[in-house]
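To convert, count from 1 in the sequence shown and add 963; that's the numbering used here.
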Amino acid sequence: MSFYLYLLLGFLGGVPAGMGMGGGTVTIPLLTLVGGVGQKIAQSANLFAFLPMSAPALKIHSENGLLKTEGIWWIILPAFLIGAAGAFFAAALPARTLGKLFGAFLIGLSALTFYQSFSTQNG
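Shown next as C-alpha coordinates:
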(Lines of atoms letter the chains of each structure in order from A and count residues from 1; the text may use other names and numbers.)
(Lines give C-alpha, C1' and ligand atoms only; values in the text may rest on other atoms or scores of the structure.)
Protein backbone atom coordinates (compact mmCIF):
# COMPACT_ATOMS: atom_id res chain seq x y z
CA MET A 1 0.00 0.00 0.00
CA SER A 2 2.82 2.45 0.77
CA PHE A 3 4.10 2.23 -2.82
CA TYR A 4 0.77 3.49 -4.14
CA LEU A 5 0.62 6.23 -1.52
CA TYR A 6 4.07 7.50 -2.47
CA LEU A 7 3.19 7.21 -6.16
CA LEU A 8 0.11 9.36 -5.56
CA LEU A 9 2.10 11.85 -3.48
CA GLY A 10 4.73 12.03 -6.22
CA PHE A 11 2.03 12.77 -8.77
CA LEU A 12 0.39 15.40 -6.57
CA GLY A 13 3.73 17.11 -5.99
CA GLY A 14 5.03 16.60 -9.54
CA VAL A 15 2.14 18.25 -11.35
CA PRO A 16 2.64 21.67 -9.69
CA ALA A 17 6.41 21.29 -10.10
CA GLY A 18 5.97 20.64 -13.81
CA MET A 19 3.80 23.73 -14.10
CA GLY A 20 6.52 25.86 -12.48
CA MET A 21 4.73 26.39 -9.18
CA GLY A 22 7.58 25.29 -6.95
CA GLY A 23 7.02 21.61 -6.39
CA GLY A 24 8.97 21.60 -3.12
CA THR A 25 6.38 23.79 -1.46
CA VAL A 26 3.84 21.07 -2.23
CA THR A 27 5.97 17.92 -2.20
CA ILE A 28 7.67 18.42 1.17
CA PRO A 29 4.45 18.99 3.14
CA LEU A 30 2.79 16.06 1.32
CA LEU A 31 5.66 13.75 2.20
CA THR A 32 5.88 14.85 5.83
CA LEU A 33 2.20 15.29 6.69
CA VAL A 34 0.60 12.57 4.57
CA GLY A 35 3.46 10.19 3.84
CA GLY A 36 4.96 10.21 7.33
CA VAL A 37 8.45 10.86 5.97
CA GLY A 38 10.94 12.74 8.13
CA GLN A 39 11.65 16.38 7.32
CA LYS A 40 15.26 15.87 6.27
CA ILE A 41 14.39 12.92 4.04
CA ALA A 42 11.53 14.86 2.42
CA GLN A 43 13.75 17.85 1.68
CA SER A 44 16.52 15.57 0.39
CA ALA A 45 14.07 13.74 -1.88
CA ASN A 46 12.81 17.06 -3.23
CA LEU A 47 16.34 18.27 -3.97
CA PHE A 48 17.30 14.92 -5.51
CA ALA A 49 14.20 14.99 -7.75
CA PHE A 50 15.25 18.42 -9.00
CA LEU A 51 18.48 17.12 -10.53
CA PRO A 52 17.05 14.98 -13.37
CA MET A 53 14.41 17.62 -14.13
CA SER A 54 16.81 20.55 -14.35
CA ALA A 55 18.99 19.23 -17.20
CA PRO A 56 16.17 18.90 -19.77
CA ALA A 57 14.66 22.20 -18.61
CA LEU A 58 18.00 23.94 -19.10
CA LYS A 59 18.34 22.41 -22.58
CA ILE A 60 14.83 23.49 -23.60
CA HIS A 61 15.29 27.03 -22.27
CA SER A 62 18.62 27.26 -24.10
CA GLU A 63 17.08 26.07 -27.39
CA ASN A 64 14.32 28.66 -27.03
CA GLY A 65 16.81 31.47 -26.40
CA LEU A 66 15.55 32.09 -22.87
CA LEU A 67 18.92 31.99 -21.11
CA LYS A 68 20.86 35.13 -20.31
CA THR A 69 24.45 34.22 -19.59
CA GLU A 70 25.98 37.67 -19.06
CA GLY A 71 27.25 37.93 -15.51
CA ILE A 72 26.16 34.39 -14.71
CA TRP A 73 29.20 33.64 -12.52
CA TRP A 74 28.19 36.45 -10.16
CA ILE A 75 25.07 34.38 -9.49
CA ILE A 76 26.40 30.83 -9.72
CA LEU A 77 29.35 31.15 -7.35
CA PRO A 78 27.51 32.78 -4.42
CA ALA A 79 24.52 30.48 -4.94
CA PHE A 80 26.79 27.43 -4.79
CA LEU A 81 28.58 28.64 -1.67
CA ILE A 82 25.39 29.70 0.13
CA GLY A 83 23.68 26.47 -0.92
CA ALA A 84 26.53 24.37 0.47
CA ALA A 85 26.53 26.37 3.71
CA GLY A 86 22.75 25.96 3.95
CA ALA A 87 23.06 22.21 3.46
CA PHE A 88 25.59 21.92 6.30
CA PHE A 89 23.40 24.14 8.48
CA ALA A 90 20.30 22.06 7.75
CA ALA A 91 22.17 18.82 8.43
CA ALA A 92 23.22 20.13 11.83
CA LEU A 93 19.69 21.15 12.84
CA PRO A 94 17.28 18.80 14.55
CA ALA A 95 14.54 17.64 12.16
CA ARG A 96 11.85 19.30 14.27
CA THR A 97 13.58 22.68 14.08
CA LEU A 98 14.09 22.28 10.34
CA GLY A 99 10.38 21.50 9.97
CA LYS A 100 9.42 24.61 11.93
CA LEU A 101 11.73 26.77 9.83
CA PHE A 102 10.26 25.33 6.63
CA GLY A 103 6.75 25.98 7.96
CA ALA A 104 7.69 29.58 8.75
CA PHE A 105 9.09 29.89 5.23
CA LEU A 106 5.81 28.63 3.75
CA ILE A 107 3.77 31.05 5.91
CA GLY A 108 5.99 33.94 4.84
CA LEU A 109 5.77 32.90 1.20
CA SER A 110 1.99 32.69 1.48
CA ALA A 111 1.79 36.14 3.06
CA LEU A 112 4.01 37.61 0.36
CA THR A 113 1.95 36.01 -2.40
CA PHE A 114 -1.27 37.20 -0.77
CA TYR A 115 0.10 40.76 -0.50
CA GLN A 116 1.34 40.73 -4.10
CA SER A 117 -2.01 39.52 -5.39
CA PHE A 118 -3.68 42.63 -3.97
CA SER A 119 -0.95 45.04 -5.04
CA THR A 120 -1.12 43.87 -8.68
CA GLN A 121 -4.91 44.15 -8.75
CA ASN A 122 -4.92 47.70 -7.43
CA GLY A 123 -2.14 49.21 -9.38
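Idealized CB from N, CA, C, for every residue including glycine.
Assuming contact is defined by CB atoms lying nearer than 9 Å, are residue i and residue j in contact in what I supplied?
i, j, result
"residue 1009", "residue 1046", "no"
"residue 1002", "residue 1058", "yes"
"residue 1021", "residue 1030", "yes"
Taking the alpha helix (DSSP H) that residue i belongs to, which residues open and close that run?
i, result
"residue 1010", "1002-1026"
"residue 988", "986-992"
Does residue i have its Cβ less than 9 Å from a Cβ in chain E?
i, result
"residue 1018", "Absent from the structure: chain E. Only one protein chain is present."
I'd like the list of long-range same chain contacts for residue i, defined as Cβ closer than 6 Å, with 5 residues on each side in sequence excluded.
i, result
"residue 980", "986"
Tell me which same chain residues have a C-beta within less than 8 Å of the C-beta of residue i, skipping the five on either side of it?
i, result
"residue 1006", "987, 991, 1053, 1061, 1065"
"residue 1072", "988"
In angstroms with no decimal places, state the Cα-to-Cα distance between residue i and residue j.
i, j, result
"residue 928", "residue 998", "Past the boundaries of the shown model lies residue 928; the chain is included only from 964 to 1086, so the question cannot be answered."
"residue 971", "residue 995", "14 Å"
"residue 983", "residue 1083", "20 Å"
"residue 1017", "residue 976", "16 Å"
"residue 1074", "residue 1044", "28 Å"
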